[in-house]
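First to last, the sequence lines map onto chains V and A.
Here the first sequence is numbered in full-length UniProt numbering, starting from 1 and rising by one per residue.
Here the second sequence is numbered in full-length UniProt numbering, starting from 1 and rising by one per residue.
Beta carbons are placed, not taken as given, at the ideal position from N, Cα and C, and that holds for glycine.
Note that the structure is a prediction, hence the values are computed from the model and not measured.
Here the structure is laid out as structure tokens; the discussion comes afterwards.
2 protein chains.
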Amino acid sequence: MKLASLRSGRDGKLVVVSRDLNRAVSAAQISPTLQSALDDWTSTEPALQALYAQLNAGECSEAFAFDPAACAAPLPRAYHWADGSAYVTHVELVRKARGAELPESFWTDPLVYMGASDAFIGPHDDIDVESEAWGIDFEAEVVVITDDVPAGSSPELARDHIRLIGLVNDVSLRNLIPAELGKQFGFYQSKPWTSFTPVLATPDELGDAWDGARLHLPLRASLNGKLIGAPDAGQDMTFDFPTLIAHCAKSRSLMAGTVIGSGTVSNVGSEQGSCCLAEVRCLEIIATGAATTPFMSFGDRVEIDMLDANGTTIFGKIDQVVTHYQPPEK
Amino acid sequence: MKLASLRSGRDGKLVVVSRDLNRAVSAAQISPTLQSALDDWTSTEPALQALYAQLNAGECSEAFAFDPAACAAPLPRAYHWADGSAYVTHVELVRKARGAELPESFWTDPLVYMGASDAFIGPHDDIDVESEAWGIDFEAEVVVITDDVPAGSSPELARDHIRLIGLVNDVSLRNLIPAELGKQFGFYQSKPWTSFTPVLATPDELGDAWDGARLHLPLRASLNGKLIGAPDAGQDMTFDFPTLIAHCAKSRSLMAGTVIGSGTVSNVGSEQGSCCLAEVRCLEIIATGAATTPFMSFGDRVEIDMLDANGTTIFGKIDQVVTHYQPPEK
Numbered sequence: 001m002k003l004a005s006l007r008s009g010r011d012g013k014l015v016v017v018s019r020d021l022n023r024a025v026s027a028a029q030i031s032p033t034l035q036s037a038l039d040d041w042t043s044t045e046p047a048l049q050a051l052y053a054q055l056n057a058g059e060c061s062e063a064f065a066f067d068p069a070a071c072a073a074p075l076p077r078a079y080h081w082a083d084g085s086a087y088v089t090h091v092e093l094v095r096k097a098r099g100a101e102l103p104e105s106f107w108t109d110p111l112v113y114m115g116a117s118d119a120f121i122g123p124h125d126d127i128d129v130e131s132e133a134w135g136i137d138f139e140a141e142v143v144v145i146t147d148d149v150p151a152g153s154s155p156e157l158a159r160d161h162i163r164l165i166g167l168v169n170d171v172s173l174r175n176l177i178p179a180e181l182g183k184q185f186g187f188y189q190s191k192p193w194t195s196f197t198p199v200l201a202t203p204d205e206l207g208d209a210w211d212g213a214r215l216h217l218p219l220r221a222s223l224n225g226k227l228i229g230a231p232d233a234g235q236d237m238t239f240d241f242p243t244l245i246a247h248c249a250k251s252r253s254l255m256a257g258t259v260i261g262s263g264t265v266s267n268v269g270s271e272q273g274s275c276c277l278a279e280v281r282c283l284e285i286i287a288t289g290a291a292t293t294p295f296m297s298f299g300d301r302v303e304i305d306m307l308d309a310n311g312t313t314i315f316g317k318i319d320q321v322v323t324h325y326q327p328p329e330k
Numbered sequence: 001m002k003l004a005s006l007r008s009g010r011d012g013k014l015v016v017v018s019r020d021l022n023r024a025v026s027a028a029q030i031s032p033t034l035q036s037a038l039d040d041w042t043s044t045e046p047a048l049q050a051l052y053a054q055l056n057a058g059e060c061s062e063a064f065a066f067d068p069a070a071c072a073a074p075l076p077r078a079y080h081w082a083d084g085s086a087y088v089t090h091v092e093l094v095r096k097a098r099g100a101e102l103p104e105s106f107w108t109d110p111l112v113y114m115g116a117s118d119a120f121i122g123p124h125d126d127i128d129v130e131s132e133a134w135g136i137d138f139e140a141e142v143v144v145i146t147d148d149v150p151a152g153s154s155p156e157l158a159r160d161h162i163r164l165i166g167l168v169n170d171v172s173l174r175n176l177i178p179a180e181l182g183k184q185f186g187f188y189q190s191k192p193w194t195s196f197t198p199v200l201a202t203p204d205e206l207g208d209a210w211d212g213a214r215l216h217l218p219l220r221a222s223l224n225g226k227l228i229g230a231p232d233a234g235q236d237m238t239f240d241f242p243t244l245i246a247h248c249a250k251s252r253s254l255m256a257g258t259v260i261g262s263g264t265v266s267n268v269g270s271e272q273g274s275c276c277l278a279e280v281r282c283l284e285i286i287a288t289g290a291a292t293t294p295f296m297s298f299g300d301r302v303e304i305d306m307l308d309a310n311g312t313t314i315f316g317k318i319d320q321v322v323t324h325y326q327p328p329e330k
């Protein structure tokens, strides 16, 4: 099943989207919003699946053309956004570029930060940033959405709480990161916006590509029409999603609608390219001593997508332009 | 005006509470939940204020006795919880106890971490923790709730976005903190639960004690009936609330219902005691070389309160017991 939220008020309007992303139908009679559907997933999920089957069979008279540009984030605001850094090879590369050792514990203890769950934006929304000097970058990631997860759940139990899967662009302001990490309190100003693919999909939709813990397909990230990378999201993911969820639920429960992110997808050796410019720059520094690829400028366009074995987009595309934000007069 | 959420479903049921906290009346006809009231504050606030005036005048026939034990957190789940560490004197003390210098920038650049906004619990809810070895502590703080804050707002503009004020207990697992801070990604497992006072109050409710930026009254924290501290929340707050909000909104907007915390209230010299056990222990270490006050045990009771000039509670009391949580079978 594929679900999206059309722009409407603060929480969007839930629609069921056909497998080929061509048609959609309102899910209002089942649940007005994706959050309310997740709040009561045991009863809403079968009804949504039935509507999805009708839609794919061409049996929904109220179906309409699906427009990704009309989408908000599937959860336009959520209660919890925990982003991992599960591809430790990426972290190792970043450290290597600045001549720092990777602590051995990074291979066994997941890195996770709490992100801004009230700052989720749609797949075609502008990325508003006040200053290019902040070092504007994208990060292409895989995310999962959980239902309620009891505190202290093991990875084995956590696996059964994954309800939806999608992609995000975790916008990062690279030049604000060193000072924030130096304070040890985590990212804050340096992680302003997170945008989502038009649709999220249930695990059954992904066939063999989803093994219950990792998504085994290339994640494609492009800048101004040029492919920057397409590393396989199923490779080199040191901590799989059940492990990340169990880590997040160690000392407290997670509420339905919790978004858990993989962190920038990255493969050892980066032969298929990178999912963020920071990694491209690190590779340049390691190879030549200096980074030549700049961060994003106003007007730059980032696209993030994942194709199935037939080359068809699964979640629809994130397609955003960086724009110059003017803050209010003091 | 004073507002509370009675336990009901995931988001509680909004009630208006009388100034003396004795009576309450349903606000369902204006707004079913506090979040929905904040989403549309310009129109809901006058209606809620009118109901509050009626309630205080004894003119609400549907009013009932207010029971703080029936309260959820005012926002049982919120979209954003940003907790500052605004009393830098506290941070300095903690560093001093472990023989570390305080970076000079800590006096000019606010420390803020993103907290678990889906893990808000009620004033009388148990503090469920799996292990005493995690070092269970309370932190008494002042919080404000904002409406929508545009990105890049100055402190002057941010001041006008403060809609509600209350107190929280930011439960901290001290023995999990060093490893998490060492990873630089901020607190996660070490900050499991945040509980709130029964009511939040609008700024006008606080008279001269609220100057638009700081709350000038002692914040009282007790453990098992013994006062641990009552430092003045208006003193030694290096970064006031408008400054914290502007810091949080530097690179993106904040959504209505954002909770901004002061961090543990602390006064220079700690003559009025402390608002967390970690500070008590740091003072012991500085004085004698070793901490003798233990962290909390199962069965321990923490109370947090703030009294007005007449000795009457303003927000009602946080009154919680630490309980031994049993995780699900693996």
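* Asked: According to the neighbour-count rule (16 or more other Cβ atoms, all chains shown, within 10 Å of its Cβ), is GLN189/V buried or exposed?
  -> Mapped onto the first sequence, residue 189/V falls at position 189. Buried is the call here.
* To do: Step through the CB atoms of chain V and report whether any lies within less than 8 Å of the CB of ARG10/A.
  => Position 10 of the second sequence, counting from 1, holds the residue named residue 10/A. Yes, because at least one Cβ of chain V sits closer than 8 Å to the Cβ of ARG10/A.
* **Proximity to ARG7/V [Cα-Cα], best of VAL149/V, GLY234/V, LEU51/V, ARG77/V** => The residue given as residue 7/V occupies position 7 in the first sequence. Looking at the Cα atoms, ARG77/V is the closest of the given residues.
* Cβ atoms of ILE304/A and ALA82/A: under 8 Å apart, would you say? -> Taking the second sequence and counting its residues from 1, one reaches residue 82/A at position 82. Taking the second sequence and counting its residues from 1, one reaches residue 304/A at position 304. No, the Cβ-Cβ distance between ALA82/A and ILE304/A is not below 8 Å.
* Just reading off the beta strand (DSSP E) that ASP305/A is part of, what are its end residues? -> Position 305 of the second sequence, counting from 1, holds the residue named residue 305/A. ASP305/A -> beta strand (DSSP E) spans 301–305.
* Which parts of the segment 214–299 of chain A are runs of the beta strand (DSSP E), unbroken and 3 residues or longer, counting only runs that do not cross its ends? -> 220–223, 226–229, 259–261
* For the segment 183–212 of chain A, which residues have a CB atom closer than 8 Å to at least one CB atom of chain V, in sequence order? -> LYS183, GLN184, PHE185, GLY186, PHE187, TYR188, GLN189, SER190, PRO192, TRP193
* Pull out every residue of the segment 98–121 of chain A whose Cβ sits closer than 9 Å to any Cβ of chain V, in chain order. => PRO103, SER105, PHE106, ASP109, LEU111, VAL112, TYR113, MET114, GLY115, ALA116, SER117, ASP118, ALA119
* Asked: Under the DSSP definition of a beta bridge, which residues are partnered with VAL25/V?
  -> Numbered from its first residue, the first sequence carries residue 25/V at position 25. In DSSP, VAL25/V forms a bridge with VAL16/V.
* Taking the C-alpha atoms as reference points, what is the distance between LEU223/A and VAL171/A? -> For the purposes of this step, residue 223/A is identified with residue 223 of the second sequence, where counting begins at 1. For the purposes of this step, residue 171/A is identified with residue 171 of the second sequence, where counting begins at 1. Roughly 13 Å between the two C-alpha positions.
* To do: Return no unless some Cβ of chain V is closer than 8 Å to the Cβ of ARG95/A.
  => For the purposes of this step, residue 95/A is taken as the residue at position 95 of the second sequence. It does not: the Cβ of ARG95/A has no partner Cβ on chain V nearer than 8 Å.
* Asked: Can you tell me where the alpha helix (DSSP H) with HIS90/V in it begins and where it stops?
  -> Position 90 of the first sequence holds residue 90/V. First-last of the alpha helix (DSSP H) with HIS90/V: 88–97.
* **Alpha carbon of residue 356/A to alpha carbon of ASP137/A, nearest angstrom** => What the structure shows of chain A is the stretch from 1 to 330, and residue 356/A is not part of that stretch, so it cannot be assessed.
* Could you check the C-alpha separation between HIS216/A and CYS248/A for me, to the nearest Å? => As a working note, residue 216/A is residue 216 in the second sequence. As a working note, residue 248/A is residue 248 in the second sequence. Going by the C-alpha atoms only, they are around 23 Å apart.
* chain V contacts made by the segment 132–164 of chain A, where a contact means CB separation under 8 Å -> TRP134, PRO150, ALA151, GLY152, SER153, SER154, GLU156, LEU157
* Asked: What do you reckon, are the CB atoms on GLY12/A and THR33/A nearer than 8 Å?
  -> Position 12 of the second sequence, counted from the first residue, corresponds to residue 12/A. Position 33 of the second sequence, counted from the first residue, corresponds to residue 33/A. Yes, these two residues count as a Cβ contact at 8 Å.
* Beta carbon of GLU139/A nearer than 8 Å to that of ASN169/A -> Along the second sequence, one-based indexing puts residue 139/A at 139. Along the second sequence, one-based indexing puts residue 169/A at 169. Yes. Within cutoff.
* Nonlocal neighbours in the same chain, by C-beta distance under 8 Å from ALA37/A, ignoring five residues either side -> Here residue 37/A refers to the residue found at position 37 when the second sequence is read from its first residue. Answer for ALA37/A: LEU3, LEU14, ALA27, ILE30, SER31, THR44, GLU45, LEU48, listed in chain order.
* Can you tell me the Cα-Cα spacing of PRO272/V and PHE185/A, whole angstroms? -> Residue 272/V sits at position 272 when you count from the first residue of the first sequence. Residue 185/A sits at position 185 when you count from the first residue of the second sequence. According to the sequence provided, residue 272/V is Gln. The question's Pro does not apply to it. Cα-Cα distance, rounded: 28 Å.
* Asked: LYS191/A to ASN22/V, Cα distance in whole Å?
  -> By 1-based counting over the second sequence, the position of residue 191/A is 191. By 1-based counting over the first sequence, the position of residue 22/V is 22. Rounded to whole angstroms, LYS191/A to ASN22/V spans 44 Å at the Cα level.
* Cα-Cα separation, SER154/V to TRP107/V -> Your numbering for residue 154/V matches position 154 in the first sequence. Your numbering for residue 107/V matches position 107 in the first sequence. So the two alpha carbons sit approximately 19 Å from each other.
* Spatially closest choice to VAL16/V from ASN310/V, CYS60/V, GLY9/V, by CA coordinates -> In the first sequence, residue 16/V corresponds to position 16, counting from 1. Considering only alpha carbons, the answer is CYS60/V.
* Decide yes or no for the touch test of the segment 227–241 of chain A against the segment 87–94 of chain A: beta carbon pairs closer than 8 Å, at least 3 of them. => yes
* Report the residue from GLU329/V, ASP39/V, ASN56/V, TRP193/V whose alpha carbon sits nearest the alpha carbon of VAL25/V. => Walking along the first sequence from the start, residue 25/V turns up at place 25. Ranking the options by Cα distance to VAL25/V, first place goes to ASN56/V.
* To do: Hey, could you find the ends of the beta strand (DSSP E) TRP81/A is sitting in?
  => To locate residue 81/A, count along the second sequence from 1; it is residue 81. Note, TRP81/A: beta strand (DSSP E), 81–84.
* LEU164/V beta carbon less than 8 Å from that of THR202/V -> By one-based count along the first sequence, residue 202/V stands at place 202. By one-based count along the first sequence, residue 164/V stands at place 164. Taking 8 Å as the Cβ cut-off, THR202/V and LEU164/V qualify as a contacting pair.
* To do: Output yes or no for whether 8 Å exceeds the beta carbon distance between PRO123/V and LYS330/V.
  => For the purposes of this step, residue 123/V is taken as the residue at position 123 of the first sequence. For the purposes of this step, residue 330/V is taken as the residue at position 330 of the first sequence. Not in contact: PRO123/V and LYS330/V (Cβ atoms no closer than 8 Å).
* To do: Measure from the C-beta of LEU254/V to each C-beta in chain A and report whether the shortest distance is under 8 Å.
  => Taking the first sequence and counting its residues from 1, one reaches residue 254/V at position 254. Yes, contact with chain A.
* To do: Indicate the three-state DSSP secondary structure (helix, strand or coil) for GLU141/V in the structure shown.
  => What you label residue 141/V is simply residue 141 of the first sequence in a count that begins at 1. GLU141/V: strand per DSSP, three-state reduction.
* Asked: What first and last residue would you give for the alpha helix (DSSP H) that runs through THR42/A?
  -> Counted from its first residue, the second sequence places residue 42/A at position 42. First-last of the alpha helix (DSSP H) with THR42/A: 41–56.
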